[in-house]
Amino acid sequence: MSMTELTELIFVDPKMKVNGRYYRDAMPQQMLPAIKLVAGDTFVFQQDNVPSHRAKDTIKLLQQEMYLQ
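According to the working numbering, the stretch in the sequence shown is residues 1 to 69, in order.
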């Protein structure tokens, strides 16, 4: 979601547990392309504090994909 547009919805099977691995697989394949389509390369990627978001491997992926410091 942005100030002017919405991204496509990304659905997760209700029986699926969204762990760090699932989240990291979905991020570069589905989430980031959808965000970049709407926002380009300038955006704020905000997450809450659930375990899959704060996992060390997730943070590392975000640093690689989004050039975080």
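Note that beta-carbon positions come from the ideal geometry of N, C-alpha and C, so glycine has one too.
{"Item": "7 Å CB neighbourhood of L9 in its chain, flanking five on each side removed", "Value": "none"}
{"Item": "Short Cβ contact (8 Å threshold) for Y22 with H53", "Value": "no"}
{"Item": "Whole-angstrom distance between A34 and P14, CA atom to CA atom", "Value": "21 Å"}
{"Item": "Residues near E65 in its chain [Cβ-Cβ closer than 8 Å; skip 5 each side]", "Value": "M27, P28 and L32"}
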